[in-house]
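Notes follow once the structure below has been shown.
In my numbering, the protein residues as written are 83 to 166.
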């Protein structure tokens, strides 16, 4: 990893420092690195993070919904009642 000296405006510096202070980031460098990464490359895709494609997720969701509909028709599911 390379080291760079970067000057930030005071409002930006305070915003990053607040993110570190509330525990979202381990240190100032990690916060700035994630902000730069998300700005230039975009946030990481949750599909890539878990190693699946959007089509695989959609197929699994449709399969689960079909199973729920089947169980509902068979009377295996009880109606949900709000506790309120």
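Positions of the beta carbon are idealized from the N, C-alpha and C atoms, including for glycine.
As the crow flies, the alpha-carbon of residue 142 is around 16 angstroms from that of residue 128.
When DSSP states are grouped into helix, strand and coil, residue 83 belongs to the coil group. DSSP places residue 110 in the helix class (H, G or I) of the three-state scheme. In this model, residue 102 and residue 115 are separated by some 12 angstroms (Cα to Cα).
By the neighbour-count criterion, in which 16 or more other beta carbons inside 10 Å mark a residue as buried, residue 98 falls on the buried side. Scanning 94, 151 and 161 for the CA closest to the CA of residue 118 turns up 94.
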